[in-house]
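A.B. asks:
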DNA sequence: CTGAATGCAAAAGCTTTGCACTAGG
DNA sequence: CCTAGTGCAAAGCTTTTGCATTCAG
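Residue numbers (our numbering), protein chains in the order written: chain A, 1 to 148; chain B, 149 to 296.
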């Protein structure tokens, strides 16, 4: 069952061109860089349009957003080695009890001309509050007797 | 050998209090939330001071910045499964050939009340350009005959 | 036709910075 | 003393949004 129904999306020249240009490069450009690329072929496109389309394309799974969990910067005074879970709903972060995880840095380094110095890993999830909120919302939206 | 010499830092009331408050909580607060906490005990502190001190404390290794790779958002039209390296110098991102990595999501989920739905992993490194820049800089700063 | 999408510009975060003043060592 | 650090306010950057207009289906 589909909870949120996505509004039907249109195939505009702007969206097509953005995807095409993004596929042409392997530089993982920022929105602004994409704006620059696309503008060469469509000078009147606006940065807002680029942002809106990247968002749509990401929802459709046609592009990946690399923002590593993103959102606002958070701070932790616990400096011993441990991992975090970040809530996809509200951005809250919690500690995880220490896990021993093997990350093949050597192998990664072998596949690139970057000098690999480490890695960033965080788990993604839904915090209890956001789980409850989602459940309440689902209940509201579910007409009488409908099962999922 | 120490390349950049850090200017000697002072122990101000503000810096001490920020660290103290951050140690008191386990919520991984944002700069603004820390500002709120600290302001209860030192009402005239400014948000700028909080940012500056968090930066210093992070450099000293007393606090961790959780910004998941951070910087500007980047996009990728390659949607098949692969990992990335991000340059710590300039933020540039490159693809890595596919690696099979085992992330113990189950174990992580067992240690939290968050509903774990996945993880974010990226490698960190220095891109060739930034390696060159760093080497050039080191050469400049190295007086005649000095070896590292 | 209808409303999704656009261009433009303004607004909204979050973070950094310039400057004159304060205070740590 | 000397200069790192502070408070305040302004600026900076990236991303989002409101609105009248355009255009895809």
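For every residue, glycine included, the Cβ atom is placed at its ideal position computed from N, Cα and C.
Under a Cβ-count criterion, where at least 16 other Cβ atoms within 10 Å of its own Cβ denotes burial, should residue 146 (chain A) be classed as buried or exposed?
C.D. replies: Position 146 of the first chain, counted from the start, is the residue given in the question as residue 146 (chain A). The predicted model places residue 146 (chain A) with a pLDDT of 49, which falls under 50 and marks its position as unreliable; any figure quoted below should be read in that light. Residue 146 (chain A) should be labelled exposed.
A.B. asks: Buried or exposed: residue 29 (chain A), going by 16 or more other Cβ atoms within 10 Å of its Cβ?
C.D. replies: Numbered from 1 along the first chain, position 29 holds the residue referred to as residue 29 (chain A). Classification for residue 29 (chain A): buried.
A.B. asks: If you measure beta-carbon to beta-carbon, which residues of the region 209-223 of chain B are closer than 9 Å to chain A?
C.D. replies: Residues 209, 210, 211, 212, 213, 214, 215, 216, 217, 218, 219, 220, 221, 222 and 223.
A.B. asks: Looking only at DSSP bridge pairs, what is residue 119 (chain A) linked to?
C.D. replies: Within the first chain, numbered from 1, the residue matching residue 119 (chain A) stands at position 119. Paired residues: B:271.
A.B. asks: Between which two residues does the alpha helix (DSSP H) containing residue 56 (chain A) stretch?
C.D. replies: Here the question's residue 56 (chain A) lines up with position 56 in the first chain. It spans 47-59 - the alpha helix (DSSP H) in which residue 56 (chain A) sits, taken as one unbroken run.
A.B. asks: Please go through the same chain and pick out, in chain order, the residues whose beta-carbon is closer than 6 Å to the beta-carbon of residue 151 (chain B), but skip the five residues on each side of it.
C.D. replies: The residue labelled residue 151 (chain B) in the question sits at position 3 within the second chain. With a pLDDT of 46 at residue 151 (chain B), under the threshold of 50, the modelled position of that residue is not reliable, and no figure is offered here.
A.B. asks: Using the DSSP secondary-structure output, state which residues sit across from residue 94 (chain A) in a beta bridge.
C.D. replies: Here residue 94 (chain A) refers to the residue found at position 94 of the first chain. Note: residue 94 (chain A) sits in a beta bridge opposite A:85.
A.B. asks: Enumerate in chain order the residues of its own chain whose CB-to-CB distance from residue 96 (chain A) is below 8 Å, with the five nearest sequence positions on each side excluded.
C.D. replies: On the first chain, position 96 is the one that residue 96 (chain A) refers to. Same-chain partners within the cutoff: 82, 83, 84, 85 and 123.
A.B. asks: Report the rounded CA-to-CA distance for residue 38 (chain A) versus residue 16 (chain A), giving the unit in angstroms.
C.D. replies: In the first chain, residue 38 (chain A) corresponds to position 38, counting from 1. In the first chain, residue 16 (chain A) corresponds to position 16, counting from 1. About 10 Å.
A.B. asks: For residue 148 (chain A), which of helix, strand or coil comes out of DSSP?
C.D. replies: One-based indexing of the first chain puts residue 148 (chain A) at position 148. Reliability fails at residue 148 (chain A), whose pLDDT of 42 lies under 50, so the model's placement of it is uncertain and the value that follows must be treated cautiously. It is coil, neither helix nor strand.
A.B. asks: Expressed to the nearest angstrom, what Euclidean distance is found between the alpha-carbon atoms of residue 210 (chain B) and residue 247 (chain B)?
C.D. replies: By one-based count along the second chain, residue 210 (chain B) stands at place 62. By one-based count along the second chain, residue 247 (chain B) stands at place 99. Their Cα atoms are separated by approximately 33 Å.
A.B. asks: Between residue 236 (chain B) and residue 273 (chain B), how many whole angstroms is the CB-CB distance? I'm expecting something under 8 Å.
C.D. replies: For the purposes of this step, residue 236 (chain B) is taken as residue 88 along the second chain, with counting starting at 1. For the purposes of this step, residue 273 (chain B) is taken as residue 125 along the second chain, with counting starting at 1. Sure, about 7 Å apart at Cβ, within 8 Å.
A.B. asks: Run through chain A and tell me which residues come within less than 7 Å of residue 235 (chain B), C-beta to C-beta.
C.D. replies: Counted from its first residue, the second chain places residue 235 (chain B) at position 87. 114, listed in chain order.
A.B. asks: From the DSSP output, in three-state form, read off residue 262 (chain B) for me.
C.D. replies: Position 114 of the second chain, counted from the start, is the residue given in the question as residue 262 (chain B). Residue 262 (chain B) falls in the coil class under three-state DSSP.
A.B. asks: With respect to the alpha helix (DSSP H) encompassing residue 221 (chain B), which residues constitute its N-terminal and C-terminal limits?
C.D. replies: Taking the first residue of the second chain as position 1, residue 221 (chain B) is located at position 73. Per DSSP, residue 221 (chain B) belongs to no alpha helix (DSSP H) and is neither H nor E.
A.B. asks: Of all the CB atoms in chain B, is at least one closer than 8 Å to the CB of residue 139 (chain A)?
C.D. replies: Looking up residue 139 (chain A) in the first chain gives position 139. Chain B contact via Cβ: absent.
A.B. asks: Identify whether residue 40 (chain A) lies in helix, strand or coil by the three-state DSSP scheme.
C.D. replies: As a first step, residue 40 (chain A) is located in the first chain; it is residue number 40 there, counting from the start. Residue 40 (chain A): coil per DSSP, three-state reduction.
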